[in-house]
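Visitor: First, the structure itself, so that you have it in front of you.
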Amino acid sequence: MKKIRVAVVDDHEIVRQGLRAALKSESDMDVVADAANGDGAVRIARQERPDVMLLDVRLQEIDGPTVCTRVLAVAPKTAVVMLTSYGDNGMIVRSLAAGAKGYVMKDVELTDLKQMIRSVFRGNSVLDPKIATHVISAAVGGRTSAGGPRSATASLSDVDTTIIRYLARGLTNKEIASVIHRSPHTVKDRLEKIGAILDVRSRTEIVAAALRAVL
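So the sequence shown is residues 22 to 236, counted in my numbering.
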């Protein structure tokens, strides 16, 4: 079985050590390297080509989205997951726009983090449930003071809203279908229509578009 090769980038050594220890026990994961700054992140990306990189969103000398862009320039197949202590909507959008596949709070349960790593490794995008619930709900429920639609998200149905919430949490079409009691084909069709409404194409762009609606 191929192990998921993980890299950790955080300017706090205790965080790096903690994540190394937590992931070491997983038979399908291997922490191949860690770094404390953006230059180290790019070096790891170039030399190790990790499958997943856990990247602190607020490094001391440079912000995470900028590092993410540089990492993906040298290792485009690496799935970058941003780690943060703050649910900053603007930083979430910047991170997704930079190509990050996930945005996770540092107080996330380790079991959930491990599942998120596996999810992005499979090609999905994930948001920490606490972030997803807040910002996606605000986006799809937003209205202007005049009562009109705040954005294109106002045109989404309740089913669309539910699909976006689960999409933000990293569920696959099949998993979403099981939860909402629809067929995977129906979910796929709805995602295509949601993309058309929001004028985007990818799953990550759908989540990012919903997030932008609350900024």
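All residues carry an ideal CB built from backbone N, CA and C; glycine is no exception. All values derive from a computational prediction rather than experimental measurement.
1. Once DSSP output is grouped into helix, strand and coil, what is the label at ILE25?
2. Taking MET50 as the reference, which of ALA28, GLN68 and VAL228 has the closest Cα?
3. Run through the segment 37 to 109 for me and flag every whole alpha helix (DSSP H) of 4 or more residues, listed as ranges in chain order.
4. Of the choices VAL95, MET22 and ASP55, whose alpha-carbon is the least far from that of GLU34?
5. Is the separation between the beta-carbon of GLY123 and that of SER146 shorter than 8 Å?
6. Quick check on VAL147: does DSSP put it in helix, strand or coil?
7. Output the boundary residues of the beta strand (DSSP E) element that contains VAL125.
8. When you compare the CB positions of ILE201 and LEU188, do they come within less than 8 Å of one another, or not?
9. What are the start and end residues of the alpha helix (DSSP H) that includes SER140?
10. Does the count of Cβ pairs from the segment 134 to 143 and the segment 210 to 221 closer than 8 Å reach three?
11. In whole angstroms, give me the CA-to-CA distance for LEU40 and LEU75.
Guide: Here's the rundown:
1. strand
2. ALA28
3. 59 to 69 and 85 to 95
4. ASP55
5. yes
6. strand
7. 123 to 126
8. For ILE201 and LEU188, no; Cβs fall outside 8 Å.
9. 131 to 142
10. Between the segment 134 to 143 and the segment 210 to 221 there are fewer than three C-beta pairs closer than 8 Å, too few to call the two in contact.
11. 9 Å
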